[in-house]
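Novice: Questions regarding the structure given below will be posed in turn.
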Amino acid sequence: AKEHGRNRFAFYSSEMADRAMERLYIEQGLLRAIADEQFVLNYQPVVRLEDGQLLGFEALIRWDEPTHGRIEPDRFIPVAEESGLIDYIGSWVLHTACAQANTWIAAGFTDLRLAVNVSARQMRAGDFDTIVRDTLAATGFPAAQLELEITESTLQSVDRSRELLGRLKALGVMISIDDFGTGFSSLSLLKHLPIDRIKIDRSFVQDLPDDANDVAVTEAIIAMAGSLGLALLAEGVETPAQQQFLRARGCADAQGYLYSKPLDVHDVDLLIASPSRG
Ligand code: C2E
Ligand code: CA
Ligand code: CA
Ligand code: CA
């Protein structure tokens with residue numbers, strides 16, 4: 528047993544060392560990525576569940592590292608958050624997405640909705656509302672068409688959240704709760720904060736309509752959103768059966784591979800130019 532224990536310790540410690548190395552490695556890489564502008568944005572279509580009409584896009588960051596290729600956000604966003612680099616990267620995302628979406632408004636998609644992810648760390652920075660205000664002013668993007676996606680962990684301190692969200696709402700933007708159901712947020716929290724929409728996390732949508740627990744959770748979230756007057760979006764819709772289930776229960780909007788993967792800018796240009804849009 529002792530032998531076994533030692534081996535296990537060795538296993539964990541080398542895994543931890545690997546993780547520390549990877550973290551360091553990624554952090555160094557992120558500094559270079561910022562200097563050399565190695566980030567790009569993809570845009571995943573958001574649709575109306577009722578008829579599949581295109582409503583807008585969620586901006587999703589990608590890192591094209593010159594020697595290792597594309598690095599997914601789940602690998603580098605946590606490092607960017609821990610190191611504080613997310614403040615810079617997040618501002619870049621906001622500015623770039625607003626500027627790009629403006630070109631699609633100019634191309635005729637006048638009422639598009641643009642969703643941008645905001646990490647808890649950015650919200651804690653204190654001047655986040657100033658950054659949003661300045662970005663809207665610099666790009667001319669219409670505030671009412673911008674949606675900021677925050678997670679439940681951002682809302683931990685209710686009083687501070689209420690104040691900051693209030694200042695953001697005063698700018699005219701919308702607020703969504705991302706990955707809803709995976710964190711901790713009480714009903715009273717949602718009731719007392721100026722939130723416009725909740726996005727049902729993909730983990731609940733994945734096994735609809737067969738998994739009885741997920742059916743119960745999804746129905747509860749939809750009922751709750753209805754009684755609190757919140758708009759709803761289901762994430763990660765991949766099958767017609769999921770679509771049907773959500774549509775029948777009155778979930779308004781959706782995102783997922785059933786409709787489209789995240790697209791690069793060029794593909795969004797083509798989508799918007801195509802006469803069949805909507
Ligand atoms: P998220 O905000 O929950 O974004 C949705 C993720 O689910 C995206 O992964 C998207 O590509 C993926 N997805 C969409 N539809 C489907 C589907 O039908 N099936 C499956 N299996 N997946 C689907 P992605 O782009 O790899 O982003 C991962 C996470 O990284 C995001 O999760 C978000 O938390 C974070 N992230 C991405 N871009 C940014 C950013 O600009 N700023 C911040 N702070 N975080 C970001
Ligand atoms: Ca999101
Ligand atoms: Ca999400
Ligand atoms: Ca997520």
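Heads up, the sequence shown is in UniProt numbering, so the first residue is 528 and it goes up one at a time. Every residue, glycine too, gets a C-beta built ideally from N, C-alpha and C.
(1) Excluding the 5 residues flanking Y615 on each side, which residues of the same chain have their C-beta closer than 7 Å to its C-beta?
(2) Is it true that the stretch 668 to 679 meets the stretch 699 to 706, where meeting means three or more beta-carbon pairs spaced less than 8 Å apart?
(3) So, does the stretch 748 to 756 touch the stretch 782 to 795, judging by three or more C-beta pairs under 8 Å?
(4) Quick one: grab the DSSP three-state call for D737.
(5) Between which two residues does the alpha helix (DSSP H) carrying G617 extend?
(6) Can you confirm whether the stretch 572 to 586 touches the stretch 595 to 615 when touching is taken to mean that 3 or more C-beta pairs between the two stretches lie within less than 8 Å?
(7) Report the option in A743, A626, G617 whose CA atom is closest to the CA atom of A652.
(8) Which term fits E762, buried or exposed, when burial requires 16 or more other beta carbons within 10 angstroms of its beta carbon?
(9) So, for G693: in the same chain, excluding its five sequence neighbours on each side, which residues have a beta-carbon less than 7 Å away from its beta-carbon?
(10) Looking only at its chain, what residues have a beta carbon closer than 8 Å to the beta carbon of S712, apart from the 5 residues adjacent to it on each side?
(11) Does ligand 2 have a heavy atom nearer than 8 Å to the CB of A739?
Specialist: Taking the definition as stated:
(1) Within the sequence shown, the letter at position 88 stands for residue 615. Taking C-beta separations shorter than 7 Å and ignoring five residues to either side along the sequence, the partners of Y615 in its chain run I561, following chain order.
(2) yes
(3) No: the two stretches stay apart, fewer than three of their Cβ pairs being nearer than 8 Å.
(4) Residue numbering aside, residue 737 sits at position 210 when the sequence shown is read from its first letter. Three-state DSSP puts D737 in coil, outside helix and strand.
(5) In the sequence shown, the residue the question calls residue 617 occupies position 90. Segment 613 to 633, the alpha helix (DSSP H) holding G617.
(6) no
(7) Looking up residue 652 in the sequence shown gives position 125. Comparing Cα positions, the closest option is G617.
(8) What you label residue 762 is simply residue 235 of the sequence shown in a count that begins at 1. It counts as buried.
(9) Taking the first residue of the sequence shown as 1, we reach residue 693 at position 166. In chain order, P721 place their CB closer than 7 Å to the CB of G693, counting only its own chain and leaving out the 5 sequence neighbours on each side.
(10) As a first step, residue 712 must be located in the sequence shown, where it is residue number 185. Hits under 8 Å: E679, L682, I704.
(11) Counting from 1 along the sequence shown, the entry for residue 739 is found at position 212. The answer is no for A739.
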